[in-house]
Amino acid sequence: MQRSKSRCLLGAGILTVGALMLTGCGGSNFDDPKGAGSDSQKITVMIGSSGDAETQAVTAAVAGWAADTGVDASVVAASDLNQQLSQGFASGKPADVFYVSTESLAGYASNGSLYAYGDQLPHKDDFYPSLVESFTYDGQFYCAPKDFSTLGLVINTEMWEAAGLGDADIPKNWEQLTTIAAKLTTADHVGLAFSPEYARVGAFMVQAGGTLLNADQTKATVDSKENLAGLDYVQSLLKSGSAKFTTDLGAGWGGEAFGKGQAAMTIEGNWITGAMSADFPAISYKVAELPAGPEGKGTLQFTNCWGVAADSPNKDEAVKLVEKLTGTEQQLKFAKAFGVMPSVESAAGQWKAANPANAPFLDGVTNAKGIPSLKGAADVIADFTSQLESLAKSDPAKILSATQKNMEAAVSGK
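Under the working numbering, the letters of the sequence shown match residues 1 to 414, in that order.
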């Protein structure tokens, strides 16, 4: 599961985005033979967990597979996934299976750390195409998406009704969003709030038809009229006072601002449902797809995959384990346990039936764009985000021009 960089993250779940800043509830030292080391008799699975629920669910699933197959397998919940993976690769004894974010894929694949097994999976065609694209490098489908998240419009129903709004008023486009955000703005709260980062603002760029890179990630496309239209629109919302960045409200992320009643609407991923239940159970809300822009609907998606180490002596068994973990039945169990959305299309109907209020998140997958997996793109996006923090008072064209140069350097490898 992925949240904004201020919460978790990117990844999915979404995060964000540096290696999604996944954190765990436990850890292991690679010098510990019971930790992340790998040998021919044992498979070790290293995860960057969103919390106890995820750790327990993955541990139970791996234990069940081990009991069925007779293969010794265990789970390590990393306290610092990237650091512990790096230690394992450096020692020549990496975990056999581990979480990989979209931003990390290119680095691991290009240096030979990852085993490209995606095309070996019998259900490879069941994964959503956009997720497969996120984990394809140099023409190879490297690893199976474990789950994913998208962004939606989350609405406080009490504030909505107090403003005299009904279901028919849910904004379907930018013009309507501007109008509704203004109606929802009062002296006590703003109409709309979201984090000042590409992982949120970028959705408006997608709705305008913009991208950061072309389809095969060989050309930077940041400085475009489409992206400018997206940033200009966000800037207009901020200048109107009907929308604010969460930092201007003193909140760490959209869920906090929304839960504290500082905003009537926010733009967040499906991970917000767990946060609302745990931290703000009194808030009544509903979810809608993000309003369409000039080029139609659009959102961002966040995901991780199950990586398999190229140096693992247990690659065949590791792939079989991943096949089990990404099957329809197991993904639905994970979804129930810790709120993620399954990465396989065959689970969509059952997931929607079990989570009807959150169906708009899954509906967004057909219009979702992933975070670029190009090596070096994560650093460019981080710098882009730092510039977006002052978007209300900055020149959007200059922000895009500077980011274009940085992305061109990433494409050229300089």
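Virtual Cβ for every residue (Gly too), placed ideally from N, Cα, C. Source: prediction; values computed, not measured.
Can you name the start and end residues of the beta strand (DSSP E) that residue i belongs to?
i, result
"alanine 263", "263-269"
"phenylalanine 204", "From DSSP, phenylalanine 204 is part of no beta strand (DSSP E) but of the alpha helix (DSSP H) over 198-207."
"alanine 309", "Taken as a continuous stretch (DSSP letters only), alanine 309 belongs to no beta strand (DSSP E), as it is neither H nor E."
"threonine 157", "Looking at the DSSP string, threonine 157 is not in any beta strand (DSSP E); the run it does join, the alpha helix (DSSP H), is 157-162."
"alanine 73", "72-77"
"glycine 370", "368-370"
"isoleucine 47", "42-47"
"alanine 116", "Here alanine 116 belongs to no beta strand (DSSP E), and DSSP marks it neither H nor E."
"phenylalanine 245", "243-245"
"phenylalanine 127", "Where phenylalanine 127 is concerned, there is no enclosing beta strand (DSSP E), given that its DSSP letter is neither H nor E."
"lysine 286", "285-288"
Please report the Cβ distance between residue i and residue j, rounded to the nearest whole angstrom; I am assuming they are in contact, meaning their Cβ atoms lie under 8 Å.
i, j, result
"alanine 348", "leucine 325", "The Cβ separation is near 18 Å, so there is no contact."
"valine 234", "leucine 300", "Not really, about 14 Å apart at Cβ, beyond 8 Å."
"glutamine 404", "aspartate 216", "Actually they are not in contact, since the Cβ atoms of glutamine 404 and aspartate 216 sit about 18 Å apart, beyond 8 Å."
"alanine 288", "isoleucine 170", "5 Å"
Are residue i and residue j closer than 8 Å when you measure CB to CB?
i, j, result
"glutamine 176", "proline 360", "no"
"glycine 259", "tryptophan 174", "no"
"alanine 73", "alanine 66", "yes"
"proline 396", "leucine 228", "yes"
"glycine 152", "phenylalanine 135", "no"
"glycine 255", "alanine 275", "yes"
"serine 240", "alanine 182", "yes"
"glutamate 408", "alanine 220", "yes"
"serine 343", "tyrosine 142", "no"
"valine 154", "threonine 247", "no"
"serine 394", "glutamate 103", "no"
"alanine 309", "serine 113", "yes"
"threonine 218", "asparagine 358", "no"
"alanine 410", "alanine 382", "no"
"asparagine 406", "valine 380", "yes"
"valine 71", "isoleucine 47", "no"
"serine 277", "glutamate 158", "no"
Taking the alpha carbon of residue i as the point to measure from, which residue in the options has its own alpha carbon closest?
i, options, result
"glutamate 187", "Phe204, Pro196, Ala163, Gly209", "Inspection of the sequence shows that residue 187 is occupied by alanine rather than by glutamate. Alanine 187 has its Cα closest to that of Ala163, out of Phe204, Pro196, Ala163, Gly209."
"alanine 77", "Ala377, Gly166, Leu85", "Leu85"
"glutamate 345", "Pro171, Pro356, Ser130, Thr185", "Ser130"
"tryptophan 271", "Gln235, Asp147, Phe141, Asn214", "Asp147"
"asparagine 82", "Val62, Ala73, Gln56, Leu105", "Leu105"
"serine 412", "Ala402, Lys375, Glu389", "Lys375"
"threonine 150", "Thr328, Lys320, Gly298, Gln330", "Gly298"
"glycine 250", "Phe280, His189, Gly327, Ala208", "His189"
"serine 50", "Asn304, Thr69, Gly92", "Asn304"
"tyrosine 115", "Thr185, Glu329, Trp306, Ala354", "Trp306"
"arginine 200", "Asp68, Ile371, Leu165, Gly70", "Ile371"
"asparagine 156", "Glu329, Leu400, Ala257, Leu321", "Ala257"
"alanine 392", "Ala90, Glu226, Leu237", "Leu237"
"threonine 385", "Trp351, Asp68, Leu231", "Leu231"
"glutamate 268", "Phe245, Glu329, Asp68", "Phe245"
"lysine 286", "Gly327, Ala309, Gly166", "Gly166"
"alanine 318", "Ser91, Gln120, Phe89, Leu400", "Gln120"
"alanine 264", "Lys225, Glu161, Gly364", "Glu161"
"glutamate 295", "Leu212, Glu323, Glu226, Val62", "Glu226"
"threonine 69", "Trp351, Gln140, Thr211, Leu321", "Leu321"
"proline 145", "Glu158, Asp138, His123, Gly139", "His123"
"glycine 209", "Ile399, Ala368, Asn406", "Ala368"
"glutamate 133", "Ser277, Asn214, Ala282, Phe280", "Asn214"
"serine 110", "Asp126, Gln87, Tyr137, Asp125", "Tyr137"
"alanine 63", "Gln330, Lys352, Tyr108", "Gln330"
"aspartate 458", "Ala354, Ala353, Ser401, Thr328", "This structure leaves residue 458 out entirely; the chain is present only between 1 and 414."
If I follow the unbroken alpha helix (DSSP H) through residue i, where does it start and stop?
i, result
"serine 104", "102-110"
"isoleucine 180", "174-184"
"threonine 273", "272-279"
"tyrosine 233", "225-240"
"glycine 259", "254-259"
"alanine 57", "52-69"
"leucine 192", "Taken as a continuous stretch (DSSP letters only), leucine 192 belongs to no alpha helix (DSSP H), being part of the beta strand (DSSP E) at 190-194."
"lysine 405", "396-412"
"valine 322", "315-325"
"glycine 349", "348-354"
"serine 386", "377-388"
"glutamine 87", "81-91"
"lysine 363", "Strictly speaking, residue 363 in this sequence is aspartate, with lysine absent from that position. Run containing aspartate 363: 359-363, per the alpha helix (DSSP H) assignment."
"asparagine 333", "In the sequence on display, residue 333 carries lysine and not asparagine. Taken as a continuous stretch (DSSP letters only), the alpha helix (DSSP H) holding lysine 333 covers 328-338."
Is any beta-carbon of chain B found at less than 8 Å from that of residue i?
i, result
"threonine 403", "Chain labels in this structure do not include chain B; a single protein chain is all it has."
- Determine, using beta-carbon pairs with one atom in the region 312-332 and one in the region 194-214, whether at least three such pairs fall under 8 Å. They do not touch, by the three-pair rule.
- Evaluate the contact criterion for the region 321-338 versus the region 48-57: three or more CB pairs, one atom per stretch, below 8 Å. Contact annotation: the region 321-338 touches the region 48-57, with at least three C-beta pairs closer than 8 Å.
- Message: Between the region 42-50 and the region 90-103, can you find at least three pairs of beta-carbon atoms closer than 8 Å?
- Response: Cβ pair count under 8 Å is three or more, so yes.
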